[in-house]
Amino acid sequence: MHFDLTEEQALIKKTMRDFAEGEVAPGADERDRTKAFPEDVFHKLTKLGVMGLPFPEQYGGGGADTISFAIAVEELSRVCASTGITYSAHISLGGAPIHLFGTHEQKEKYLTPLCTGEYLGAFGLTEPNAGSDAGGTRTTAKLDGDQWIISGSKCFITNASFAKNLSLTAVSDRSKGTDGISAFIVPTDAPGFTVLSNYEKMGLHASNTTELVLENVTVPKENLLGKEGHGYKQFLATLDGGRIGIGAMAVGIAQGAYDKSLHYAKVRKQFGHSLSAFQAIQFKLADMAMNIELARNMVYKAAWLKDQGRGFKKEAAMAKLFASEICMKACDQAVQIHGGYGYMKEYQVERFFRDAKLLEIGEGTSEVQRMVIARQIGC
Ligand SMILES: Cc1cc2nc3c(=O)[nH]c(=O)nc-3n(C[C@H](O)[C@H](O)[C@H](O)COP(=O)(O)OP(=O)(O)OC[C@H]3O[C@@H](n4cnc5c(N)ncnc54)[C@H](O)[C@@H]3O)c2cc1C
Numbered sequence: 001m002h003f004d005l006t007e008e009q010a011l012i013k014k015t016m017r018d019f020a021e022g023e024v025a026p027g028a029d030e031r032d033r034t035k036a037f038p039e040d041v042f043h044k045l046t047k048l049g050v051m052g053l054p055f056p057e058q059y060g061g062g063g064a065d066t067i068s069f070a071i072a073v074e075e076l077s078r079v080c081a082s083t084g085i086t087y088s089a090h091i092s093l094g095g096a097p098i099h100l101f102g103t104h105e106q107k108e109k110y111l112t113p114l115c116t117g118e119y120l121g122a123f124g125l126t127e128p129n130a131g132s133d134a135g136g137t138r139t140t141a142k143l144d145g146d147q148w149i150i151s152g153s154k155c156f157i158t159n160a161s162f163a164k165n166l167s168l169t170a171v172s173d174r175s176k177g178t179d180g181i182s183a184f185i186v187p188t189d190a191p192g193f194t195v196l197s198n199y200e201k202m203g204l205h206a207s208n209t210t211e212l213v214l215e216n217v218t219v220p221k222e223n224l225l226g227k228e229g230h231g232y233k234q235f236l237a238t239l240d241g242g243r244i245g246i247g248a249m250a251v252g253i254a255q256g257a258y259d260k261s262l263h264y265a266k267v268r269k270q271f272g273h274s275l276s277a278f279q280a281i282q283f284k285l286a287d288m289a290m291n292i293e294l295a296r297n298m299v300y301k302a303a304w305l306k307d308q309g310r311g312f313k314k315e316a317a318m319a320k321l322f323a324s325e326i327c328m329k330a331c332d333q334a335v336q337i338h339g340g341y342g343y344m345k346e347y348q349v350e351r352f353f354r355d356a357k358l359l360e361i362g363e364g365t366s367e368v369q370r371m372v373i374a375r376q377i378g379c
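According to the numbering used here, the residues represented by the sequence shown are 1 to 379, in order.
Structure representation (structure tokens):
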């Protein structure tokens with residue numbers, strides 16, 4: 001089978017590669033050190049017009065396909081995974097649930113400002129006691145006249161400090177189990193809503209990871225997203241798309257680690273030869289190149305199926321699982337190829353190694369992906 005990017009996808013790849021190298025890469029190490037959020041980068045991405053890349057033009061989006069979105073995430077992550085996760089979460093966790101389940105009015109009110117880059121998108125699902133088992137959600141939503149009163153807490157939520165509104169899940173009817181979970185759009189400046197950003201993380205230092213505390217936060221009845229009791233199904237569908245984003249991030253980080261390793265292997269000499277002359281190093285690089293190629297194809301396939309309106313749950317889980325695991329391995333090998341220098345921040349593969357680990361955890365751990373795949377293959 002012959003596979004080529006379309007003209008539009010190729011243009012997005014070139015535009016995002018140039019932008020990433022020119023505007024994102026130069027400050028990436030400094031942001032990793034200082035934990036500064038890449039606000040300036042996002043102002044520039046807004047000017048570039050890609051903040052709503054895969055959403056309809058009617059709401060200010062770019063009307064592009066999911067492969068184009070994956071390409072954009074890959075190119076940002078190749079130089080700065082913190083920028084990559086911020087962008088990926090903005091689109092696939094922030095915008096997607098509103099695009100998939102919102103009414104026309106909700107899309108106009110909440111999707112458009114995401115597409116025009118007015119603020120970032122975020123999605124609150126995980127709670128201190130409900131991670132892989134998201135059915136264990138404890139945050140509650142009680143209907144009181146024309147208002148929902150929401151109380152509870154969420155943890156590890158990406159982008160919330162930079163979101164004016166976000167979607168989150170809460171139990172609206174405890175007696176119905178997962179069919180009693182609903183989704184709501186909640187303004188982050190509502191009285192009783194606190195967003196905290198105090199985590200000390202392993203990596204992705206320039207990304208924003210928050211805790212949400214909701215104490216009797218009231219939102220109008222019409223802020224229910226989708227149907228009452230459909231929140232669980234909705235977030236499962238949202239995560240299917242999000243996994244394409246995480247897979248693309250993994251391909252990007254792995255590609256960045258590989259590019260640096262190939263270059264280093266050519267310039268570093270030991271025993272009178274470049275490292276790239278040693279078969280042990282060649283084999284590491286060959287495996288990296290092969291795995292990245294496979295992972296990228298898997299991400300593209302899942303994205304293509306999604307764009308065709310076909311089922312893509314299994315393929316998205318496989319792409320996310322495979323890409324994140326080969327990414328971790330590629331970053332490990334990248335540090336190894338760089339030797340002692342790889343252990344130093346200056347050579348950047350150390351940052352890639354720390355950032356990559358999240359991909360095996362976020363939007364469903366590797367164990368959860370295997371559970372999803374097992375179910376899909378009829379176990
Ligand atoms: C940087 C970062 C950003 C994030 N961003 C967001 C976000 O924007 N929105 C959001 O809602 N969440 C977000 N998350 C949360 C993330 O999705 C969860 O951390 C993840 O789903 C795992 O949940 P947990 O941490 O509670 O781990 P747990 O569910 O407690 O899992 C711990 C371990 O047990 C394993 N395990 C659990 N159940 C089983 C089982 N049945 N069989 C086998 N093994 C099992 C897991 O695979 C894992 O290895 C983020 C997390 C991080 C670290």
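For glycine and all other residues, C-beta sits at the position ideal for the given N, C-alpha and C.
One alpha carbon belongs to F353, the other to Q376, and they sit about 31 Å apart. By the Cβ rule, the segment 63–71 counts as touching the segment 12–19, because three or more pairs are nearer than 8 Å.
Going by beta carbons, T158 and A122 fall inside the 8 Å limit.
Q333: not part of any beta strand (DSSP E); member of the alpha helix (DSSP H) spanning 313–342, first to last residue. For S153, the secondary structure class from DSSP, reduced to helix, strand or coil, is strand. In the three-state reduction of the DSSP assignment, H273 falls in the strand class.
At a cut-off of 7 Å, the beta-carbon of S132 counts as near ligand 1: some heavy atom of the ligand is closer than that. Approximately 6 Å separates the beta-carbon atoms of G124 and L166; this is inside 8 Å, confirming the contact. For F193, the enclosing beta strand (DSSP E) starts and ends at 193–196. A direct Cα-Cα distance of roughly 43 Å separates E30 from E222. According to the DSSP assignment, F184 belongs to the beta strand (DSSP E) that extends over 181–187. Checking the DSSP bridge columns, you'll see K142 partnered with I149. Of the residues assessed, E315 falls on the buried side of the cut-off, its CB having 16 or more other CB atoms within 10 angstroms. Sequence-distant partners of T238 (beyond 5 residues in either direction) whose C-beta falls short of 8 Å from its own C-beta, in its chain, are S92, L93, A96, P97, L100, F123. Sorting F162, S182, T209 by C-alpha distance to the C-alpha of D189 places F162 at the top. K306 is the residue among K306, M318, M371, I281 whose C-alpha sits nearest the C-alpha of P54.
Short of 6 Å from the beta carbon of K35, and not among the five residues preceding or following it, lie these beta carbons of its own chain, in chain order: H205. Taking 7 Å as the cut-off, one finds no heavy atom of ligand 1 near enough to the beta carbon of K164. Under DSSP, V267 takes part in no beta bridge, so it has no partner. By the neighbour-count criterion, in which 16 or more other beta carbons inside 10 Å mark a residue as buried, F271 falls on the exposed side.
S167 sits in a strand when the DSSP states are folded into three classes. By the C-beta criterion, the segment 39–55 is judged not to be in contact with the segment 319–327, since fewer than 3 inter-stretch pairs fall below 8 Å.
Within its own chain, the residues whose Cβ lies closer than 8 Å to the Cβ of K266, once the five positions on either side in sequence are excluded, are S274, L275, S276, listed in chain order.
Here N208 is buried. Its C-beta has 16 or more other C-beta atoms within 10 Å. Beta-bridge pairing by DSSP links V217 to I150. DSSP assignment within the segment 197–259 yields the following whole beta strand (DSSP E) runs of 3 residues or more, N-terminal first: 209–220. Residue burial is scored here from C-beta neighbours: H43 has fewer than 16 other C-beta atoms within 10 angstroms and is therefore classed as exposed.
Taking 4 residues as the minimum length, the alpha helix (DSSP H) runs contained wholly in the segment 40–92 are 66–79, 81–89, in order along the chain.
For V372, the uninterrupted alpha helix (DSSP H) segment begins and ends at 366–376. Rounded to the nearest angstrom, the Cβ distance from T169 to S153 is 12 Å, too far for a contact under 8 Å.
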